[in-house]
Amino acid sequence: ILPGTLVLVNSPCLFYGLAELAEKAHGCRILALEAEKPLLTLAETVLSNLPEKDSVHLHDATDFPGLDALLRDYVKNGSIRRVLPLDFSAGKAFAPKVYQRIFEAAAEITGSFWKNRITIVKMGRLFTKNIFTNLLESAKANYLSDAKGITDKPFVVFGAGESIDETCSNKDFFTAAQQGKFFILAVDAALASLLDRGLHVDAVVGMESQFAIQKAYLGARGSGITYFADLCSRPQIPRILSGQVFWYTSAFSDTAFIPEIQNLHCLPDLIPPLGSVGLTAVYIALVLRKNQSVPVYLTGLDFSYSIGKTHAKGTPAHKGRLIETKRLLPVENYDAAYSPAAFKATGKNGKEIVSTKILSTYARTLSEQFFGVKSLFDASNSGLPLAFEKAPENWAVFSEKSTWKDFRNVPLHPERIDAAEKWYENEQESLKRLRSLLSEGDSSQYRNQDTTLEEQVKNLLSTRDYLFLHFPDGYALSMEENFLKRVRAEIDVFLKIISKKKAGNHPTVSL
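Residue numbers (my numbering): 3 to 513.
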């Protein structure tokens, strides 16, 4: 058995074979599961008298919430890399689906952890740098909760999928939209397409942290469009749009430094880590609507594409293809449809479409996350099926008068600015202390003689995991010399950002 394996012992009963398993499972965790109460009682009695009892955790297989928390706790420190089920008795036959469900959940939790780690290794440093840059700007603006229930206008949430071409060609919708009868909320990638069609966009949602997303805002410079910005998002976008900004925080990882900001009451509203800007836009629409009777229509959230075409007309992907096309590179993007990650599926209209595992996961997450939400309708006829009520045929014919509070009338909160500035001061002082301790050791002017140097450094690092989250081995704090040398190199990066913020420097805009 390879180290880093979580061994799921199904229905251990008398624990025959445990001694041999414990001998082979070095560097592994053993979790025994029992779904039948009488057998669970028997297993507890037997295990209490075995010499290997400390190497096994016995848990009720029907306690799903407890198991979920336990599995996530096992995985979060990076010690688990795979899951292995073992049947110790025929007792599994009493509840085979329960054991299978637990195995699948354990495998998914483990897989998700390592997929997220890959993302954090690649992007974590940029995420945290953007948080440092955006925090004071968010305190000077508004938070998502400040706009809660702001309007009873019907919402139309636009993704960047092909179905928005059909929606925008609907004359009833286009006329009603031009008359301001809908609140149009677009994801960043759909903004240019809607503006090119002459539609008034009320607000745009952004999450992307990289420079590449700035091309999605071509044609929107100085437009004054309201922007809902993730704290991790690209800092230059608010200055491009020059509109009002409402901030939110999607936790990209289970960090220690985010709660520290939250404790000072200067962290924008935490929302579930949905992973997709489209799902986040749906969440925000539900926050903004006045009550549950206000309809929210979804379009462009296809999570699929047709052969040769991946996005709607006018989106950055489509425009980029038009710009790059030449004799040997057609405007149709066939590569996406025939890539190893792509697979064929049947769309809402019965036609063959193409999707990927990632896109289909987003579609499933959207359906699961918002299942049962009142007045949430699917207004598109293409894409992967979603678990929402189909919008009525005449959904775009809307004549009722709506009211809404202007975004400009939402009050600001100066106390958030004071709290954010206090956080910058605290971090600057703590980082200087940490830099001195790592560089000078016991001769540092910040050395506390009442504790060991290692403990003093560990205490400072415990709530500043942004310094090492993006390390390949950064899922857990280490006091090894090579780890601390890398931490020391990161300190200057964040001190520089803090110095710029205190000097009042803004992120430069190039578009």
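Beta carbons are placed, not taken as given, at the ideal position from N, Cα and C, and that holds for glycine. Being a predicted model, the structure only gives us computed values, none of them experimental.
Quick check: residue i and residue j, are their CB atoms within less than 8 Å of each other?
| i | j | result |
| --- | --- | --- |
| G221 | A194 | yes |
| F230 | L137 | no |
| V159 | V284 | yes |
| A338 | K359 | no |
| M209 | S252 | yes |
| A63 | V85 | no |
| T228 | F409 | yes |
| A191 | I166 | no |
| E36 | S50 | no |
| L69 | F17 | no |
| D204 | K292 | no |
| G569 | S295 | The question about residue 569 has no answer here: the residues shown for the chain are numbered 3 through 513. |
| I355 | A365 | no |
| P274 | S377 | no |
| G93 | C170 | no |
| V247 | N144 | yes |
| G182 | H202 | yes |
| E314 | F175 | Per the sequence presented here, residue 314 reads as Ala, with Glu not at that position. No, these two residues do not count as a Cβ contact at 8 Å. |
| N79 | A478 | yes |
| P270 | S140 | yes |
| R488 | S441 | no |
| E168 | S382 | yes |
| A34 | A45 | yes |
| G19 | F90 | yes |
| Q238 | Q216 | yes |
Quick check: the Cα distance between residue i and residue j, rounded to an integer number of angstroms?
| i | j | result |
| --- | --- | --- |
| A310 | I242 | Checking the sequence, you will find Gly at residue 310 rather than Ala. Computed Cα separation, rounded: 32 Å. |
| P156 | K142 | 29 Å |
| G385 | L361 | 11 Å |
| L513 | A218 | Unreliable positioning characterises L513 in this predicted model, as indicated by a pLDDT of 48, which lies under 50. The coordinate reading is nonetheless provided below. Answer to the nearest angstrom: the Cα atoms are 10 Å apart. |
| I122 | S255 | 8 Å |
| S464 | D232 | 25 Å |
| L8 | E391 | 41 Å |
| W116 | S81 | 11 Å |
| E1 | L72 | No answer is possible for residue 1: the residues shown for the chain start at 3 and end at 513. |
| T135 | I500 | 8 Å |
| F259 | L128 | 15 Å |
| D494 | W249 | 27 Å |
| Q212 | V11 | 44 Å |
| G506 | P387 | 48 Å |
| D148 | N335 | 42 Å |
| H61 | Q102 | 15 Å |
| K424 | E54 | 51 Å |
| T367 | G280 | 11 Å |
| K124 | R236 | 16 Å |
| L23 | L4 | 12 Å |
| E482 | K460 | 11 Å |
| V100 | V375 | 28 Å |
| S445 | P67 | 49 Å |
| L497 | N484 | 21 Å |
| P474 | I120 | 8 Å |
Rounded to whole angstroms, how far is the Cβ of residue i from the Cβ of residue j, which I believe are closer than 8 Å?
| i | j | result |
| --- | --- | --- |
| S432 | L455 | The pair is not a contact, with the Cβ atoms about 16 Å apart (cut-off 8 Å). |
| E6 | R83 | With the sequence shown as reference, residue 6 is identified as Gly, and Glu is not the correct amino acid for it. Correct: roughly 4 Å between the Cβ atoms. |
| D304 | E164 | 6 Å |
| Y448 | K503 | Not really, about 23 Å apart at Cβ, beyond 8 Å. |
| I111 | V77 | 6 Å |
| C268 | A393 | Wrong, their Cβ atoms sit about 40 Å apart, outside the cutoff. |
| G126 | L471 | 5 Å |
Between which two residues does the alpha helix (DSSP H) holding residue i run?
| i | result |
| --- | --- |
| K516 | Residue numbering for the chain in the displayed model covers 3 to 513; residue 516 lies beyond these limits and cannot be assessed. |
| T7 | Premise fails: T7 lies in the beta strand (DSSP E), T7 to N12, not in any alpha helix (DSSP H). |
| A347 | Segment A344 to T348 is the beta strand (DSSP E) holding A347; no alpha helix (DSSP H) there. |
| R74 | F66 to V77 |
| L520 | This structure cannot settle anything about residue 520, because the visible part of the chain is limited to 3 through 513. |
| K26 | L20 to K26 |
| P240 | I239 to L243 |
If I follow the unbroken beta strand (DSSP E) through residue i, where does it start and stop?
| i | result |
| --- | --- |
| W249 | V247 to S252 |
| E482 | Looking at the DSSP string, E482 is not in any beta strand (DSSP E), and its letter there is neither H nor E. |
| G200 | It is not in any beta strand (DSSP E) - G200 carries neither H nor E in the DSSP assignment. |
| A108 | First-last for A108: P98 to K142, but that is the alpha helix (DSSP H), not the beta strand (DSSP E). |
| E38 | Careful: E38 lies outside any beta strand (DSSP E) and carries neither H nor E. |
| R84 | R84 to D89 |
| L60 | V58 to D62 |
Tell me, please, whether the CB atom of residue i is closer than 8 Å to any CB atom in chain C?
| i | result |
| --- | --- |
| Y285 | Absent from the structure: chain C. Only one protein chain is present. |
Entirely enclosed alpha helix (DSSP H) segments - the region 156-234, minimum 4 residues:
165-170, 173-180 and 190-198
Just list the alpha helix (DSSP H) runs in the region 443-473, keeping only unbroken ones of 4 residues or longer that don't cross its boundaries, in chain order.
455-464
Identify every run of the beta strand (DSSP E) within the region 248-308, keeping only runs that are complete inside it and at least 3 residues long; order them along the chain.
Segments of the beta strand (DSSP E) lying fully in the region 248-308: 271-273 and 298-301.
To test your reading of the DSSP string, which unbroken beta strand (DSSP E) runs of 3 or more residues are found completely within the region 325-409?
Qualifying beta strand (DSSP E) stretches, in chain order: 344-348, 354-358 and 378-380.
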